[in-house]
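To keep things clear, I will list the structure first and then write my remarks on it.
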Amino acid sequence: MRIRRAERFRPSEITDETHYLNRREFIAGGAAALALGAHDRADAAAPAGAPLKAAHNDAFSVKDAPTKLESVTTYNNFYEFGVNKDDPSREAHRLKTRPWTIKVDGLVQKPRTYDIDELIRAFPLEERVYALRCVEAWSMIIPWIGVPLSALLKQVEPTSQAKFVEFTTLLDAAQFPGQKPGFFGGGLEWPYAEGLRLDEALHPLTLLTVGMYGQVLPNQNGAPIRVVVPWKYGFKSAKSIVRIRLVSEQPKTAWEKAAGQEYGFYSNVNPNVSHPRWSQATERRIGEFRRRPTLMFNGYADQVASLYSGMDLKKYY
Amino acid sequence: MGRRGRIVLKIAVWAIGLAPLAALVWWIARDDLGANPISLITNHLGDWTFRLLLASLAMTPLRIVFGWGWPALLRRLLGLFAFAYAVLHFSVWILVDHFFNWGQMAEDVVKRPYVTVGMLALLTLIPLAATSTTGMIKRLGARRWTRLHRLVYLTGVLAALHFLWLAKVGRTDQYVYVAALAVLLGVRVVTWARRLARRVQKIPHPRPATPP
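Taken in sequence, the protein lines are chains A and B. Mapping the first sequence onto our numbering, position 104 (from 1) lands on 768, and the numbers just tick up by one. Mapping the second sequence onto our numbering, position 25 (from 1) lands on 410, and the numbers just tick up by one.
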């Protein structure tokens, strides 16, 4: 009988803490670079954990203290690496994030394939401290670095038929051991697919993310590029994206296909709509002892509630 | 088996029963419980409850299949350890996870089937633990005591449902536990069926009447 438990990494093995501690310098540096109109960020091509400059966006940041970086890099749901929380940090080294391209196509005027470094250089990066609420009733506070997804979408010019955006994660069982067919089968259908309504994707809160804690995104957190949709449960924020496709019909997501009655297309954080098997009324903030009440739309109701006015959120869970 | 052999076996079971608790104390002492300690502790205690319950349920099949006598000596101890871990698992849920938020806990017990069956599984263990002493066996009489303790089969089924219903999509270890339980209960079903068949055979068949 095996005792399964988190294989612990010392923070020094994953990231250089000084990068995080010095993040304000990087931010200041990033701001200076922006002021000069310079987009020279050669360091962005560096591997996970390398410093990444970004201007802190206070207006889009929560005031809560960020979760310990070690927790954010060792407690992950990223089924491509395995279903256990400690699988991603153990298996993350298998993922090769360079070279990497993201194809943006579908119902757009100007379909385009971006090289990851080209994309990072093309847009000014921002740091935003968001609350992350997992559907499993735990939460974290994470300083992400990225650009609003809307900036990218505007560049490819969605056509009037485009109503939804579909995200596809890399499919490669050699890099993602969790994609190998299991003994019992079941699980998710690969590649991981997620989706948003176009207005959700264009919402200024929706962040195309390439870094966190002042660093290039660690592999176990969805490197080299992911979305972060802070008012939805974490699994809506697709990781390691290779394709963004604009479509007219609501895309079928991986979790809808696996267990549609439990994980709906919308999956907005909502304390009043229970998961069929557990309550969503409270959550455990990682690093805290007591549960805290879960907020409507994860605390972003003022910004996003209007997207769903008139909708029955119990029906469109 | 001699007296010495029995003592060695009992010590071994005590060691197995206490090791998961020792591991927990060690992790707490080293502040090595990971990002979500409460979840880790709850799962650890729950896993070991089920493992020890399966171990106690495995003793009788070992006797049936291999004809060994010694497993029967360990059954009670393993069962009591399973009960102890079940109580700890439940206590963490009340004291630490929900921190006496009785309203939410009551709602969970009523509304969440996996909590309901988990609670029922614990309740079924209480009469078994309470009647585990030699004195109680004598007071109840072996026959009634044996009948009462068949309740543990229900405990196993409830524990399996608890695990199946709480496991998230994509997990598979719950099936291993369920398969183990199925084998352990299956051995008993086969034994009963054979015994029943023998009894039926012993009944003399009436000679068919010759047609007129």
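Glycine residues also receive a C-beta, built at the ideal position from the N, C-alpha and C atoms.
What's the C-alpha gap between residue i and residue j?
i, j, result
"A/Leu733", "A/Ser904", "20 Å"
"A/Lys818", "A/Ala838", "34 Å"
"B/Gly555", "A/Leu959", "28 Å"
"B/Leu465", "B/Ala440", "11 Å"
"B/Leu447", "A/Asp751", "36 Å"
"B/Phe485", "B/Trp455", "43 Å"
"A/Val820", "A/Gln884", "29 Å"
"A/Leu835", "A/Lys767", "14 Å"
"A/Phe1005", "A/Glu913", "Residue 1005 of chain A is absent from the structure shown; chain A starts at 665 and stops at 981."
"A/Ile989", "A/Val772", "Residue 989 of chain A cannot be examined here, being either before or after the span of chain A that is shown, 665 to 981."
"A/Tyr739", "A/Ser753", "8 Å"
"A/Asp769", "A/Leu910", "6 Å"
"B/Val537", "B/Arg528", "16 Å"
"B/Arg460", "B/Leu425", "28 Å"
"B/Ile522", "B/Trp530", "6 Å"
"B/Arg535", "B/Trp412", "37 Å"
"A/Tyr778", "A/Arg890", "14 Å"
"A/Phe840", "B/Pro512", "48 Å"
"A/Val968", "A/Trp895", "8 Å"
"B/Arg391", "B/Thr516", "22 Å"
"A/Arg954", "A/Leu977", "28 Å"
"A/Tyr897", "A/His867", "16 Å"
Examine chain A for any beta-carbon lying closer than 8 Å to the beta-carbon of residue i, and answer yes or no.
i, result
"B/Gln586", "no"
"B/Asp416", "no"
"B/Phe329", "Given a span of 386 to 597 for chain B in the structure shown, any question on residue 329 of chain B remains unanswerable."
"B/Tyr470", "no"
"B/Phe435", "no"
"B/Tyr562", "no"
"B/Ile396", "no"
"B/Gly419", "yes"
"B/Arg497", "yes"
"B/Phe466", "no"
"B/Phe485", "no"
"B/His392", "Contrary to the premise, residue 392 of chain B reads as Ile rather than His in this sequence. It does not: the Cβ of B/Ile392 has no partner Cβ on chain A nearer than 8 Å."
"B/Ile449", "no"
"B/Ile423", "yes"
Does residue i have its Cβ less than 8 Å from a Cβ in chain B?
i, result
"A/Gly928", "no"
"A/Val958", "It is worth fixing the name first, because residue 958 of chain A is Thr in this sequence and not Val. With 8 Å as the cut-off, A/Thr958 does not count as an interface residue toward chain B."
"A/Ala923", "yes"
"A/Ala796", "Looking at the sequence provided, one finds Leu at residue 796 of chain A rather than Ala. Output row for A/Leu796: interface = no."
"A/Trp854", "no"
"A/Val747", "yes"
"A/Tyr743", "yes"
"A/Gly898", "no"
"A/Gly886", "no"
"A/Gly713", "no"
"A/Gly770", "no"
"A/Gly851", "yes"
"A/Gly846", "yes"
Can you tell me whether residue i is buried or exposed, with buried defined as 16 or more other CB within 10 angstroms of its CB?
i, result
"B/Phe435", "buried"
"A/Trp854", "buried"
"A/Gly859", "buried"
"B/Trp433", "buried"
"A/Gln944", "buried"
"A/Arg776", "exposed"
"B/Ala400", "exposed"
"A/Lys717", "buried"
"A/Asn901", "This sequence places Ser at residue 901 of chain A; Asn is not what is there. A/Ser901 comes out buried."
"A/Phe742", "buried"
"A/Met975", "exposed"
"A/Gly886", "buried"
For residue i, does the three-state DSSP call read helix, strand or coil?
i, result
"A/Gln843", "helix"
"B/Trp455", "coil"
"B/Pro498", "helix"
"B/His547", "helix"
"A/Tyr794", "strand"
"A/Glu913", "coil"
"A/Val893", "coil"
"A/Gly963", "helix"
"A/Met804", "strand"
"A/Asp728", "coil"
"B/Arg580", "helix"
Checklist entry - Between the region 534-560 of chain B and chain D, which residues of the former have a C-beta closer than 9 Å to a C-beta of the latter? => result Chain labels in this structure do not include chain D; the protein chains are A and B.
Checklist entry - What residues from the region 725-738 of chain A come within 9 Å of chain B, judged by C-beta to C-beta, listed N to C? => result Sequence-ordered contacts of the region 725-738 of chain A with chain B read Thr731, Lys732, Glu734, Ser735, Val736 and Thr738 [C-beta pairs closer than 9 Å].
Item to check | Proximal residues, the region 567-587 of chain B versus chain A, C-beta separation under 9 Å | outcome: none
Item to check | Interface residues of the region 941-958 of chain A facing chain B [CB-CB below 9 Å] | outcome: Arg941, Trp942, Ser943, Ala945, Thr946, Arg948, Ile950, Gly951, Phe953, Arg954 and Arg955
Next on the checklist: Can you pull out the residues from the region 869-883 of chain A whose beta carbon lies closer than 8 Å to at least one beta carbon of chain B?
Outcome noted: none
Checklist entry - If you measure beta-carbon to beta-carbon, which residues of the region 795-824 of chain A are closer than 7 Å to chain B? => result Trp802
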